Amino acid sequence: MNGELFHAAKANAGKGDSASAETAKLFDAKKNNAKAIAMKVVRCLNQHQQGLPATLIARAINEQKDNVRPRCSDLVRDGVCVKHPTKRYYNENKKPERIYILKHHYERLNNAT
């Protein structure tokens with residue numbers, strides 16, 4: 563698993579590109595680094611096999627959604643999870659959000675139908 567979290571682990575202050583440093587500045591007082599948040603996201607998505615949007619993942623793991631959304635994108639880039647192609651979640655502002663689902667759960671659900 564640690565090898566799969568390449569991009570998520572890279573977003574620590576002072577390392578990687580400038581976007582990673584900016585993302586690291588958004589972290590709250592708990593000082594969770596990007597890799598720890600990515601691992602929490604993976605554990606959360608493993609429990610919710612149908613997938614969750616970033617807002618609900620953030621609520622479930624008690625993090626700010628500004629910290630969780632970039633980690634979800636990193637996990638998609640690393641091939642750990644995928645964005646569901648058809649499902650959407652409409653947040654409290656009535657805006658659609660993509661649903662993230664672990665890749666092996668998505669493949670299992672699609673092969674079952």
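Numbering (the numbering used here), first residue to last: 563 to 675. Cβ coordinates follow ideal geometry from the N, Cα and C atoms, glycine included. All values reported here derive from a predicted model rather than from experimental measurement.
Taking the alpha-carbon positions, what's the M563 to G613 distance? The count along the sequence shown starts at 1 and reaches residue 563 at position 1. The count along the sequence shown starts at 1 and reaches residue 613 at position 51. Bear in mind that a pLDDT of 49 at M563, under 50, signals an unreliable position, so the model cannot answer this.
Identify every residue that forms a DSSP beta bridge with R650. Taking the sequence shown and counting its residues from 1, the one referred to as residue 650 is at position 88. In the DSSP output, where bridge partners are listed per residue, R650 has R660.
From N655, N673 and E659, residue whose alpha carbon lies closest to that of I619: Taking the sequence shown and counting its residues from 1, the one referred to as residue 619 is at position 57. Closest option to I619, Cα to Cα, is E659.
Could you check what DSSP says for V642 in three-state terms: helix, strand or coil? In the sequence shown, residue 642 corresponds to position 80, counting from 1. It is coil, neither helix nor strand.
Spatially closest choice to L677 from T617, V638, H610 and C634, by CA coordinates: This structure gives no information on residue 677, because the portion of the chain shown stretches from 563 to 675.
Please list, in chain order, all residues of the same chain as E669 whose beta carbon is under 7 Å from its beta carbon, the five residues on each side excluded. Within the sequence shown, residue 669 is the residue found at index 107, counting from 1. Here the set comprises nothing.
E654 to N673 span [Cα, whole Å]: Start at 1 with the first residue of the sequence shown, and residue 654 comes out as number 92. Start at 1 with the first residue of the sequence shown, and residue 673 comes out as number 111. So the two alpha carbons sit approximately 33 Å from each other.
May I ask you to list the residues that DSSP assigns as paired with L614? In the sequence shown, counting from the first residue as 1, residue 614 sits at position 52. Paired residue(s): Y662.
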